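Number of protein chains: 2
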Amino acid sequence: MHNGHAALLSRSRAIPALPPEGSDRHVVAVDIALFTIQDESLKVLLVKRAVPPFPGWWSLPGGFVGRAESVDEAALRELQEETGITTVYLEQLYTFGDLDRDPRGRVISVSYYALVDWERFRLKAHSSAKGGAKPAGTRWFSVNRLPTVAFDHRKIVTSALERLRNKVNYTSAAFQLLPKKFTLSELQRAYEVILGQPLDKRNFRKKMLQLGILKDTRERQVEGRQRPARLYAFTEARVIKLQEKGIIVPF
Amino acid sequence: MHNGHAALLSRSRAIPALPPEGSDRHVVAVDIALFTIQDESLKVLLVKRAVPPFPGWWSLPGGFVGRAESVDEAALRELQEETGITTVYLEQLYTFGDLDRDPRGRVISVSYYALVDWERFRLKAHSSAKGGAKPAGTRWFSVNRLPTVAFDHRKIVTSALERLRNKVNYTSAAFQLLPKKFTLSELQRAYEVILGQPLDKRNFRKKMLQLGILKDTRERQVEGRQRPARLYAFTEARVIKLQEKGIIVPF
DNA sequence: TTAATAGTGTCTCTTAGACACTATTAT
DNA sequence: ATAATAGTGTCTAAGAGACACTATTAA
């Protein structure tokens, strides 16, 4: 649509060029905080840097935005290259634009956070990760016990966590961290590790079932020598808004 | 702090250069949706484009990010150049990174929204706007009656509005649209034009006063031939969080 | 005195949150 | 039978929202 206008206008008047190479052009990077739930705790994926700056330090997966890709595409590409994962919930977080973020020079970073369920990750991860650019190592870290990380990536993780904690309160984002079928106990544990708080079992189940977004699959999950749990599925394909209560919400 | 590390590391190992000029570097712009309340309606400031692309069309104030300024600084600078305003509430919104946003070529746009009160704007505006780059015209448009705008600026305004509507529900952002001293009726009208809904007077006043964030200035505002209204002031210097109720908020 | 806005309380209903026991299965 | 987790209901208190009249001033 904009291209249509452009074509139209360019016939009558020349379109001025953008700032030329070498003047006000910038290196733009993407950095992604990928979360999952594993061993009853919320984890974020870090990669070990092989080259300076910060060689040997842990950092978020990410890289430079190329010339022929959108910023979102760059984020997906980097995630795919460094983890092999292709289908994730991905959401833009914030753009960090200070001058001294990177010791190499001025780099503007568009940060994202992403959610995967642990099972899906284990299946796909590394099966298609790029050989040549393979990082020295990738590891999940509990968000409560992060190592020292490179650049301002600590700030990005903090900001992603804050967003995630807000988001699970009024959207169905938490479901992105679970497999397609899950028990209510698993769902509750997901909320608990995200929020960092224990929740009341009866109140939790009451609220979740009231929302009408869960489908009883009629299947059971046998996990040990105890009563098997019902498996539920989320009814929506996408992350949806569950409510929007505020101080003043006359909608 | 990162500079400290950089200095340390550069002594032992060379820091690789960023992508060179002319390869994967990008033009980065800022676009700002500046809101105010005027004549009982929520307005956004648009500027008339003097040069292609989209000559004669309305667009959001904005421009390219320079080499020696942070992205936030660029947003403030553009706002100052095009409106003369220096002190506003400014918050980053979203980064639009698609390839075909601009007919001139690939431009990544970091969008912001800003809030000013009409009185402050009338005093400062244009008193210090840059002469040379002065746009053909700037005008306030009611958000309900926007003209056709250039680029994807419609999307930016929509996104800014959505953010503003959410934000006033759980923070004190709406106060940024009012002068230092205001009546409760003015505050209510601000919420009404932002939300696009009438609100109940008694419930509104009850809730606002309960929050404990308003100081009675003991002054009155005489406005016509009716009972003068109390003038209140907001007790906080900054925008604060008023509440954070969600589905599950055990904090 | 009148026009015009400021200012004020109560009641109902919904919802949040505290709280403890029974059910079902594998071993 | 026992260990281990699944699953279930009630009560209370707080808050949201509906609703209408009196107060005060300038003109």
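Protein sequences appear in the order of chains A and B. Be aware that the first sequence starts at 1, since it is given in the numbering used here, and climbs by one per residue. Be aware that the second sequence starts at 252, since it is given in the numbering used here, and climbs by one per residue. C-beta: ideal position from N, C-alpha, C; glycine also. Keep in mind it's a predicted model, so treat the numbers as computed, not measured.
Start and end residues, alpha helix (DSSP H) containing residue i
| i | result |
| --- | --- |
| Lys-43(A) | Segment 41-48 is the beta strand (DSSP E) holding Lys-43(A); no alpha helix (DSSP H) there. |
| Ile-283(B) | Premise fails: Ile-283(B) lies in the beta strand (DSSP E), 276-289, not in any alpha helix (DSSP H). |
| Leu-199(A) | Run containing Leu-199(A): none; DSSP gives neither H nor E here. |
| Gln-527(B) | Only positions 252 to 502 of chain B appear in the structure, and residue 527(B) is not among them; the question remains open. |
| Ser-410(B) | 404-421 |
| Leu-428(B) | Per DSSP, Leu-428(B) belongs to no alpha helix (DSSP H) and is neither H nor E. |
| Val-71(A) | 71-83 |
Burial state of residue i (16 or more Cβ within 10 Å)
| i | result |
| --- | --- |
| Leu-211(A) | exposed |
| Ile-288(B) | buried |
| Pro-398(B) | exposed |
| Glu-487(B) | exposed |
| Ser-128(A) | Per-residue confidence for Ser-128(A) stands at a pLDDT of 47, beneath the threshold of 50, marking its modelled position as unreliable; no derived number is given. |
| Asn-144(A) | exposed |
| Lys-130(A) | Confidence at Lys-130(A) is low in this model, with a pLDDT of 48, below 50, so the placement of that residue should be treated as unreliable; the coordinate-derived value is given next. With fewer than 16 Cβ atoms within 10 Å of its Cβ, Lys-130(A) is classed as exposed. |
| Leu-45(A) | buried |
| Ser-172(A) | buried |
| Ala-418(B) | Here the sequence assigns Lys to residue 418(B), which means Ala is not the residue at that position. Buried, because 16 or more other Cβ atoms sit within 10 Å of the Cβ of Lys-418(B). |
| Ala-133(A) | In this predicted model, Ala-133(A) has a pLDDT of only 45, less than 50, meaning its place in the structure is not dependable enough to derive any value. |
| Met-1(A) | Because Met-1(A) carries a pLDDT of 37, less than 50, the predicted location of this residue cannot be relied on, and the following value inherits that uncertainty. Exposed: under 16 other Cβ atoms inside 10 Å. |
| Gln-477(B) | exposed |
| Arg-25(A) | buried |
| Arg-352(B) | buried |
| Gly-264(A) | Limits of chain A in this structure are 1 at one end and 251 at the other, which puts residue 264(A) out of reach. |
| Ser-109(A) | buried |
| Pro-430(B) | exposed |
| Ala-68(A) | exposed |
| Leu-259(B) | Caution applies to Leu-259(B), whose pLDDT of 42 falls short of 50 and renders its modelled position unreliable; the model cannot decide the point. |
| Leu-253(A) | What the structure shows of chain A is the stretch from 1 to 251, and residue 253(A) is not part of that stretch, so it cannot be assessed. |
| Ala-174(A) | buried |
| Ala-17(A) | exposed |
| Arg-49(A) | buried |
| Gly-137(A) | exposed |
| Gly-62(A) | buried |
| Lys-492(B) | exposed |
| Ser-274(B) | exposed |
| Asn-420(B) | buried |
Start and end residues, beta strand (DSSP E) containing residue i
| i | result |
| --- | --- |
| Arg-476(B) | Here Arg-476(B) belongs to no beta strand (DSSP E), and DSSP marks it neither H nor E. |
| Ser-142(A) | 138-142 |
| Thr-346(B) | 340-347 |
| Leu-115(A) | 107-115 |
| Gly-63(A) | 62-64 |
Partner residues on chain B for residue i, Cβ-Cβ distance less than 9 Å
| i | result |
| --- | --- |
| Asp-24(A) | Val-278, Val-279, Phe-315, Val-316, Gly-317, Arg-318 |
Within chain A, partners of residue i - CB distance below 7 Å
| i | result |
| --- | --- |
| Asp-323(B) | Gly-97 |
| Pro-312(B) | Chain A residues near Pro-312(B): none, gap ~18 Å exceeds 7 Å. |
| Pro-479(B) | In chain order: nothing, as chain A lies at least about 26 Å away. |
Interface partners of residue i on chain B, CB under 7 Å
| i | result |
| --- | --- |
| Pro-147(A) | Neighbours of Pro-147(A) on chain B: none; closest Cβ ~15 Å, over 7 Å. |
| Tyr-94(A) | Gln-343 |
Residues that residue i contacts on chain A, provided the C-beta gap is smaller than 9 Å
| i | result |
| --- | --- |
| Val-361(B) | Thr-95, Gly-97, Ile-108, Val-110 |
Contacts that residue i makes with chain A (C-beta to C-beta distance below 8 Å)
| i | result |
| --- | --- |
| Val-367(B) | None at all; the shortest Cβ gap to chain A is about 22 Å. |
- Query: For the segment 298-312 of chain B, which residues have a beta carbon sitting closer than 8 Å to at least one beta carbon of chain A?
  - Reply: Across the segment 298-312 of chain B, CB contacts with chain A closer than 8 Å involve Val-302, Pro-303, Pro-304, Phe-305, Pro-306, in sequence order along the chain.
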